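First comes the structure, then the notes that go with it.
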Amino acid sequence: MPIPVLVTVYPELDKVSRVEELVKWVTEEVRKNEPTVSDYKSYQGRCDEPEHTVFMIFFHIENEAELHKRKSLPHHQHIAKVADEEQLMRRPLKYVILNGLTQWSR
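Written out as structure tokens, the structure is:
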């Protein structure tokens, strides 16, 4: 059964547009290159401090081994390099494996 994962991205205040570009770019790279990922969705929002934009990426992945392999994939290596070189993040990415509790829909 696929594992639900939530990634939170914390861009520097003056780098939000650049990080948004990269989120859109990596979304397409994941679609093309990661067949073990499904239901990939990204969101932009604000944290408890209104000026702090965050991006949240939600997806399912086949298993934890596949999740750990992702760091070595070329598009993730590229994102890490660019984020470091351009000092895009105010804190590291946060990956959370989710465990379902309740669900409903209308």
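Take any residue in the sequence shown, note its place counting from 1, add 5, and you have its number in my numbering.
Positions of the beta carbon are idealized from the N, C-alpha and C atoms, including for glycine.
Quantities reported herein were computed from a predicted structural model and do not represent experimental measurements.
- Query: Assuming H65 contacts S43 under a Cβ cut-off of 8 Å, what Cβ separation, rounded to an integer in Å, is found between them?
  - Reply: Numbered from 1 along the sequence shown, position 60 holds the residue referred to as residue 65. Numbered from 1 along the sequence shown, position 38 holds the residue referred to as residue 43. Rounded, the Cβ-Cβ distance is 5 Å, consistent with contact.
- Report buried or exposed for A88, applying the criterion of at least 16 other Cβ atoms within 10 angstroms of its Cβ. Stepping through the sequence shown from its first residue, residue 88 is reached at position 83. Counting Cβ neighbours within 10 Å, A88 comes out buried, since at least 16 surround it.
- Item | Helix, strand or coil at D44 according to DSSP, with G and I counted as helix | Mapped onto the sequence shown, residue 44 falls at position 39. Note: D44 maps to strand in three-state DSSP.
- So is I102 buried or exposed if we call it buried at 16+ other beta carbons inside 10 Å? One-based indexing of the sequence shown puts residue 102 at position 97. I102 should be labelled exposed.
- Nearest-angstrom beta carbon gap, E69 and I8 [assumed within contact, 8 Å]: Translated into the one-based positions of the sequence shown, residue 8 becomes position 3. Translated into the one-based positions of the sequence shown, residue 69 becomes position 64. That pair is a contact at about 6 Å.
- Identity of the residues DSSP links to L11 by a beta bridge: Here residue 11 refers to the residue found at position 6 of the sequence shown. DSSP, once it has assigned bridges, lists F63 and V101 as partnering L11.
- Item | Cβ separation of T32 and Y45, assumed to be a contact under 8 Å, to the nearest whole Å | The residue you call residue 32 lines up with position 27 of the sequence shown. The residue you call residue 45 lines up with position 40 of the sequence shown. Indeed they touch by this definition, with Cβ atoms about 6 Å apart.
- Task: May I ask you to report which of helix, strand or coil DSSP gives Q92?
- Result: The residue you call residue 92 lines up with position 87 of the sequence shown. Annotated three-state conformation of Q92 is coil, per DSSP.
- Item | Counterpart residues of T58 in DSSP-defined beta bridges | Position 53 of the sequence shown, counting from 1, holds the residue named residue 58. BP columns for T58 point to R51.
- Whole-angstrom distance between E71 and L27, CA atom to CA atom: Taking the sequence shown and counting its residues from 1, the one referred to as residue 27 is at position 22. Taking the sequence shown and counting its residues from 1, the one referred to as residue 71 is at position 66. Each residue's Cα considered, the two are about 22 Å apart.
- Does the beta-carbon distance from V21 to F63 come in below 9 Å? Walking along the sequence shown from the start, residue 21 turns up at place 16. Walking along the sequence shown from the start, residue 63 turns up at place 58. Against a cut-off of 9 Å, the Cβ pair of F63 and V21 comes out as no contact.
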